[in-house]
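Residue numbers (our numbering), protein chains in the order written: chain H, 283 to 672; chain L, 18 to 342; chain D, -6 to 577.
What follows is one structure encoded as structure tokens, with my remarks underneath.
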Amino acid sequence: MKRWLVALLLLGLSALAQEALKVGVVVSATGPAASLGIPERNTFLMLQEMLDRTGGVAGRKVQFVILDDASDTTQAVRNTRRLVEEGVVAIVGTTTTPASLGMIPVVAEAKVPMISLAASKDIIHPVDAQRFWVFKTPQTEELMARAIVADMVARGVKTVAYIGFNDAYGEGWARFFETEARAKGLQVVASERYARTDTSVTGQVLRIIARRPDAVLVGASGTPAVLPQRTLKERGYAGLIYQTHGVANPDFLRVGGKDVEGTLLPAGPILVAEQLPSAYPTKRVALDYIQRYEAKYGIGSYSTFGAHAWDAWLILKPALERALKRADPAKDLAAFRSALRDEIEATRGLVATHGVFTFGKDEHLGLRFEDAAVMVRVEGGRWKLERTFR
Amino acid sequence: MDATILSFLLLDGLQNGVIYGLLALSLVLVFAVTRVILVPIGELLMFAPLSLVWLLEGKLPGTLWLALALGGAWALMARGRGVLLPLAGGVGLFLLFLLAKGVPPLAYLAAVLLVVYLGVATYRVFFQPMRGATVLSLLIMAVGLHVAYQGLGLVFFGPEQFRPAPLLAGEVVVGLSWQGVLVLLFAALSLMVLYLFFRFSLFGKALLAAAENRLGARLLGIHPEEAGMVAFGIASLLAAFSGLLLAPLINAAYFMGFMLGLKGFVAAILGGLASYPVAFLGALLVGFFESFTSFYASAYKEALVFLLLVPALFYQSLRARAVEE
Amino acid sequence: MRYLWFLLLLLPLALFPFPYYLTLLNFFALSAMVALSLYVLTGLAGMTSFAQAAFMGMGAYATALLTVKVGLSPWLGLGAGLLSALLLALLLGALTVRLKGHFLPLSTIAWQVALYILAGNLVGLTGGHTGLTDLPPIHLFGISLDTGFRYAFLTLFLLVLLVLALYNLRQSRIGRALLALRGDALAAASFGVDPAALRLKAFLLSGVIAGLAGFLYAHFLRFVNPTPFSLEASIKYLVMAVAGGVGSIPGVMLGAAFFTGLEDWLKDLLPLLLGRQGNYETIGYGLILALILILAPKGLWPMVERYLPSRDPGLPKAEPLPLKSPDGPRGEVVLEVQGLQKSFGGLMAVAGVSFDLRRGEILALIGPNGAGKTTLFNLITGTLVPDGGRVFLFGREVTCLPPHRVHLLGLGRTFQHPHLFPELTVLENAALGTFARTRAGFPQVLLGLHRREEERALATAYGALRRVGLESLALERAERLSVGQQRLLEIARLLASGAEVLLLDEPAAGLRAQEKRELASLLRSLAREGYTVLIVDHDMDLIMGLADRVVVMNYGEKIAEGTPKEVQRNPLVRAAYLGEEEVA
């Protein structure tokens, strides 16, 4: 009942005012991926406030329709259909790889451009008829794996072990990391799996320790990534421990405490923005985002994941401006969505918080390894820039 | 597989197994006395450490309001003197929480009492009115409450994990922390206390009698309602302590309780939901089995633990007849 | 009347301008199918399952694998989906339908969780949690069903067909047998139902229905991963069925509609109420389930049903089933009991009892309480397995046969406490007796091919009711009968079965004098027609006036046999009833 009234009101209001541009947003604000999704959602809430103050894009109001998929793919697919039907011009999301993959056929069929906030390369590669419509802002695991392996090689590591989630995130990491490691001459001596909800990984850790690797990579994200690391420490493992960029948030540090001191991880440069050399291309944009986010949500509250959302908008905004010159969503929504997609793909050299984006016909990630990854170490409960790759 | 690894796996299996064992005992006790399969026991287990974390940060956890709400419902449903217990308990609990904000020793006590109150109120409000229902209806109700409590856990505590400080830091020997030793000691102590209680105390024996034969127990003056509340109270107490002891070892999050409860439940089934010693041994078996399968086939460890249930249930069914009396 | 369900097909047209609601409509149809599978399994057969989503998953993954990995047509995927759901049900069912009471649902929890974990971990096969994408849409008559609008017609149409098939099921011998089995397996076996086999078939049907829903789900979303087939999903479907009223078709449909809409509404409402984003609707489910279980344990539908006009099915008019009158010479031995023994622990309940029963006679079995008479009945009918001794029926040994097999050979019984089914009508209760004489199996019933046989069965039952004088109550629910009428109904059920040898356990208990006289005259006329009656009772006047011969038991042994007069004069008999007399 309520929905009908709201729909009628909106219909009426929008008939009076000029058509607002609707941008759909799907994030995992609850469920296991919530620590990634909440900052993303907060970023869009912040953007909504900003745009309401400044009047929108090219004189038109922008409305973000934000939906939560609870880290569940089916929910994400349903939300996507709903957004498509509500007439959004583009969809940003979602937070997790499996859910993003599930959304692809829907946006492809509906011909709506999508900018994903999830990690896996499979989301945008290869650019086939469906992925024609899909872009993404976070670094792929392939790119981050390259960073990790480069760091390992530089430190003289010869043998490595892997323990990761038994889902798309962990599987993707396992695949790309092990390929890259072998390509650079490292020997992978163990490859274990565990579930996000596990309370003990003793068996897996013991198997790893038995092989005595020089380094161990934990392929997990959020607070569940602490468990294997702590277990390794407790069982006396003394080698290097690497994590993925999925742990680059304050909750990991909070729950990990002393057990995660000395962890090495690749991260988007924004994680240690103040520590970057001043010539680093993304430093200024990153600090700008941090300042805005902390002004609204508190000091120390920003995260790399929220920054991916910001990057999505940095790409989307100029693309919208250019597309509005070519088509009018009110008159022909399908043509506008198509034009918008073209303009997103036309992005060249856009400086964002995580790197410099240049898309192309076959390149829907658009990040260069040298700009988009740095190695970070956990020291004293804080993130410390270890090295860049420029 | 060498001796060190074997000992690690055994220790790990033991540590997990005793917790599953305590949960299994609670499940068998509650089932025997009330015919309820207490699916939400996992949520009760998790509420303790999560509420503790909140208190230690100086905040009142949402579980307090849930407990008071249920206590209020209980008071409304009770008549005459029966109103005193929920009201007194609720007021006392509230005052304790106010005092315990940020005070560790009181906070631990408050967390335990909260879960006990919540458990007893759960029985009184949801299960006692259904006393005559079939085991199946009670099971469905229990599942419904599990779902609701888990959802409320998300509302109250958010999706992330928390790590309260261990009561005893440091390690005895590599692979066994002092906290782990505490867990084992607590399990042993609980087993002894429960044994003494059921064997030698009048109320304990009465409780067992009520489990065997409810009508007979009533005729002898033992109130089934009291028996039910005590059973739920004991189960909640065990769950609360287990949660508080375990949380520093495994982190606490709103969704973790269910898996722990399910494993305790597998153990209880191994004991046919009737035998305490078999259930506890079954729990140790589950713990060891889990430990070793996680070593050999980590991805399938949980599937295998659940498939353990199949031969157990099959065995139970062979003892029963295809045509019911 | 039931064809009104086809009106559902108008819904997509009404919702055409709202694509989001079309999506919801499809989800409703799929949930309703799974809820209907629970109607069969729980509502009819009385087995609760927390694993329906696993069967759904089987159907979904089978078609996903065939269409995505092998590239075959979705129609082959349908076949594979149904077949794999069937095989899974067969495997699980064979092991678990024998479980007593609550062990069965517990085992379904185990299967459900184990299968979910396997689906998530066999990454090479199922794609793990990432799942399988790009399933092709279904093509029907050249049209690609790739929008919510078009797909809704398919799902709703199949849903209505399923509803009609299940109405057929309910009004058939199988439906009645399932309801009987659920309440009272003992009684059901006594009129020819093989409990384990029937339960298994119900389990299979329920699994296949859920598998069909899974197939449709897969080609709707065109994406498959383990999450929609988890324990949480199974619980959701069970909640839908139970909340709506698992005992009726409109009930589960109502539950499915209610919760599909509620889920969506709660998703919007709760974040507003709680002031923050999140999926809190699980709290709503749990609380609503709790409330319904306390306030409306039979679900919402019975509350709605009260306000609807009820239909009168009318009295049966067809020809009764062909009845084989008892033939064969009077006095021929039909039942032979040799040295039956049974002990329970240390107690010897039946200690070597032997006697014969001859065609056309009424034999009374009497003895003080605790003499072992009902145990003897149970030994003869196969409900209990004797420790020693043998039983022959029409010359065939039946000693260790299960009760339903014994019944099929021509022996029927009533019970000390009437085992009737209060929710069925009197006519349906009597019709239960015809189970052994009718043939229609699941396929015929679901397709509606059993109508003629069904009408004849009902007519037979009606005839039996007329025989015992209950025909005026035929359309009443059995729970409204008095004790005396209940006993007569049990006898009617027995008569409808055409069994020749009737074992009556205290049929006169609780009857008034007039009713007892009518019962006696009924039994006498049956005996004249060639039926053979073995009756246990305590009313001496009735027995002595009715029986041709009497067997007396005490402490598990036969202490006397003969005509009523002979037995009355027997000092052992008097001692047994009145205690030891002083030896005169």
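From the three backbone atoms N, C-alpha and C, an ideal C-beta is built for every residue, glycine too.
For HIS132(D), the secondary structure class from DSSP, reduced to helix, strand or coil, is strand. Judged by DSSP in its simplified three-state form, LEU325(L) adopts coil rather than helix or strand. In this structure, ALA492(D) is the residue among VAL156(D), ALA492(D), LEU191(D) with its C-alpha nearest to the C-alpha of GLU522(D). ASN114(D): not part of any beta strand (DSSP E); member of the alpha helix (DSSP H) spanning 96 to 114, first to last residue.
Using beta-carbon distances, GLU177(L) does not count as an interface residue toward chain D, since no partner is under 8 Å. In the three-state DSSP reduction, LYS194(D) falls in the helix class (H, G or I). The contact set of PRO221(D) on chain H, defined by CB atoms closer than 9 Å, consists of ASP354, THR355, THR356 in chain order. Taking 8 Å as the CB threshold, LEU277(L) lines the interface with chain H. The beta carbons of ALA127(L) and LEU72(L) sit closer together than 8 Å. At a cut-off of 8 Å between C-beta atoms, PHE216(D) counts as an interface residue with respect to chain H.
Residues of the region 55 to 72 of chain L with a C-beta atom less than 7 Å from some C-beta of chain H do not occur. Per DSSP, THR629(H) lies in no alpha helix (DSSP H) segment and is marked neither H nor E.
Residue burial annotation: GLY642(H) is exposed, with fewer than 16 other C-beta atoms found within 10 angstroms of its C-beta. In the three-state reduction of the DSSP assignment, GLY75(L) falls in the coil class. Note: TYR476(H) is bridge-paired with PHE447(H) in the DSSP secondary-structure output.
For ARG141(L), not one C-beta of chain H is nearer than 8 Å to its own C-beta. Residue-level contact by beta carbon holds for TYR317(L) and chain D, with a gap shorter than 8 Å.
Counting only Cβ-Cβ distances below 7 Å, SER308(L) has contacts in chain H at THR484, GLY485, in chain order. For the beta strand (DSSP E) assignment, the region 262 to 332 of chain D encloses no uninterrupted run of at least 3 residues. In the pairwise beta carbon analysis, the region 284 to 304 of chain L is classified as not touching the region 58 to 72 of chain L: fewer than three pairs are separated by under 8 Å. C-alpha of VAL116(D) to C-alpha of ALA477(H): approximately 13 Å in a straight line. Residue environment for LEU17(D): buried (at least 16 other C-beta atoms within 10 angstroms of its C-beta). Contact of VAL508(H) with chain L by beta-carbon distance below 9 Å involves GLN178, ARG180, ASN268.
Interface flag for HIS212(D) against chain H is unset, since no Cβ pair is found closer than 8 Å.
Contact check for PHE21(D) against ALA250(D) passes: the beta carbons are separated by less than 8 Å.
Bridge partners of PRO548(H) according to DSSP: MET657(H).
Nearest CB-CB separation between PHE282(L) and chain H: not below the 8 Å threshold. Residues of the region 3 to 16 of chain D with a C-beta atom less than 7 Å from some C-beta of chain H are PRO12, TYR13, THR16, listed in chain order. Partner residues in the beta bridge of LEU527(D), as assigned by DSSP, are LEU356(D), LEU496(D). For PRO551(H), the closest of ALA634(H), ILE406(H), LYS607(H), GLU625(H) by C-alpha to C-alpha distance is ALA634(H). Using a Cβ distance threshold of 8 Å, LEU138(D) and VAL359(H) do not count as a contacting pair.
Within chain D, the C-beta atoms nearer than 8 Å to that of THR379(H) come from THR123, in chain order.
CA-to-CA, the gap between VAL327(D) and LEU481(D) works out to about 24 Å. Going by beta carbons, LEU34(D) and ALA226(D) fall outside the 8 Å limit. Comparing alpha-carbon positions, the option among LEU314(D), ALA342(D), ALA568(D), LEU442(D) lying closest to LEU451(D) turns out to be LEU314(D).
If you draw a 10 Å sphere on the C-beta of MET296(D), you find fewer than 16 other C-beta atoms in it, and that means exposed.
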